[in-house]
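Asker: Heads up: the sequence shown begins at 515 in our numbering, then just goes up one per residue. Note that beta-carbon positions come from the ideal geometry of N, C-alpha and C, so glycine has one too.
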Amino acid sequence: MEPVPELNRTTRLAELRRSLRTYEDRYGAVSGLIDISKANTALSIRQRRLNQLREEETRITGQIASMVSEMRRIERWMEFCLEDAIERTRREEAEAWSPTPIMGYRLWWIEDGSLCGVKLPWKTRTLAATCLRRGDLGEIPHSDGSCGRLGCGVYAAKTVDPLYRDFNVWSLDDFAIGLVALTGKVVEHDDGYRAAEATVVALGARLDRRVLLTNVPNMIDDVFADPSMIRMGLPIGSRRQSLIEIETYVTEKARRAEQWI
Ligand SMILES: [Zn+2]
515 MEPVPELNRT TRLAELRRSL RTYEDRYGAV SGLIDISKAN TALSIRQRRL NQLREEETRI
575 TGQIASMVSE MRRIERWMEF CLEDAIERTR REEAEAWSPT PIMGYRLWWI EDGSLCGVKL
635 PWKTRTLAAT CLRRGDLGEI PHSDGSCGRL GCGVYAAKTV DPLYRDFNVW SLDDFAIGLV
695 ALTGKVVEHD DGYRAAEATV VALGARLDRR VLLTNVPNMI DDVFADPSMI RMGLPIGSRR
755 QSLIEIETYV TEKARRAEQW I
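1. In terms of residues, what are the limits of the beta strand (DSSP E) holding leucine 641?
2. At a cut-off of 7 Å, would you count histidine 656 as near ligand 1, judging by its Cβ distance to the nearest heavy atom?
3. Given 8 Å as the limit, is there contact between the segment 687-696 and the segment 710-725, that is, 3 or more CB pairs closer than that?
4. Tell me which same chain residues have a C-beta within less than 8 Å of the C-beta of arginine 648, skipping the five on either side of it?
5. If you compare alpha carbons, which of Arg769, Arg532, Asn522 and Lys633 is closest to lysine 672?
6. Using a 10 Å radius around the Cβ and a threshold of 16 neighbouring Cβ atoms, would you call tyrosine 669 buried or exposed?
7. Hey, arginine 471 and isoleucine 744: beta-carbon distance below 8 Å or not?
8. Would you say the beta carbon of aspartate 665 is closer than 7 Å to some non-hydrogen atom of ligand 1?
9. Can you tell me which residues form a DSSP beta bridge with serine 628?
10. Using only CA atoms, which one of Leu629, Arg708, Ile691 and Ala642 lies nearest to arginine 663?
11. Could you tell me whether the segment 620-636 touches the segment 672-687, using the rule of 3 or more Cβ pairs below 8 Å?
12. Cα separation between threonine 536 and leucine 530?
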């Protein structure tokens, strides 16, 4: 006899029962049958239990779905709380992750064929901060005081005034003042910022009584690679006048940048 697939068995049993009734109608009670009423009872008991289990399954599936959705809601709430705590700490510690760059001012001396900052010469218009004390540990610039009173980061002044005050610009012959866009983590101080990265977006430079003013990225990079490029600039009238020109140029570019931002 061919094996009967599980799904067809119910149909097959119904057919068999119909055939049996036909024979009983025709010839009276059929002999030689095992008592199938016991099997019927056993089946219907199991059918009831199966129905109960299916109901339970539906209930449990519903409970799982609602548990998952409650967990997602709690996770969203936690996300909000964490973001809020971090954001408040950043605000309180005057630290920013600015989506748009923060503008600042820098001064470079021109020495030995380089534009030199306080700590090191810049070879391109972009400088990424490193921390000599703590290396790459944590986010640079560090803002927990762990790397000294001043701390790491690329420094920039909020206005040009601190440059005059701290570096005696009037007495310098060859120098450059630049407007820098600060990106990544930026820590704010009274007069300036410490940033993860700074890119010079406008530069006014004086070398050998010539002044070059530019906000063209490639040209700024050329000047950082080789400051003698500044000699292509215009001859200066007086030291004082050329300094005013440089300052006016970079502050004007800052004003425009802020309008865009
Ligand atoms: Zn540091």
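Answerer: Checking against the coordinates, here is how it stands:
1. If you number the sequence shown from 1, residue 641 lands on position 127. Its beta strand (DSSP E) spans residues 640-642.
2. For the purposes of this step, residue 656 is taken as residue 142 along the sequence shown, with counting starting at 1. True, at least one ligand heavy atom lies under 7 Å from that Cβ.
3. The segment 687-696 vs the segment 710-725: in contact.
4. Position 134 of the sequence shown, counting from 1, holds the residue named residue 648. Result list for arginine 648: His656, Ser660, Cys661 and Cys666, in chain order.
5. Here residue 672 corresponds to residue number 158 of the sequence shown, with the count starting at 1. Measuring C-alpha to C-alpha distances from lysine 672 to each of Arg769, Arg532, Asn522 and Lys633 identifies Arg769 as the nearest.
6. Taking the sequence shown and counting its residues from 1, one reaches residue 669 at position 155. Buried: at least 16 other Cβ atoms inside 10 Å.
7. Limits of the chain in this structure are 515 at one end and 775 at the other, which puts residue 471 out of reach.
8. The residue given as residue 665 occupies position 151 in the sequence shown. Note on residue identity: the sequence assigns glycine, not aspartate, to residue 665. Yes - ligand 1 has a heavy atom lying nearer than 7 Å to the Cβ of glycine 665.
9. Looking up residue 628 in the sequence shown gives position 114. Looking at the DSSP output, serine 628 sits in a beta bridge with Glu625.
10. Here the question's residue 663 lines up with position 149 in the sequence shown. Minimum Cα distance to arginine 663 is reached at Arg708.
11. Contact between the segment 620-636 and the segment 672-687 is present, because at least three Cβ pairs lie under 8 Å.
12. What you label residue 536 is simply residue 22 of the sequence shown in a count that begins at 1. What you label residue 530 is simply residue 16 of the sequence shown in a count that begins at 1. The alpha-carbon atoms of threonine 536 and leucine 530 are separated by roughly 10 Å.
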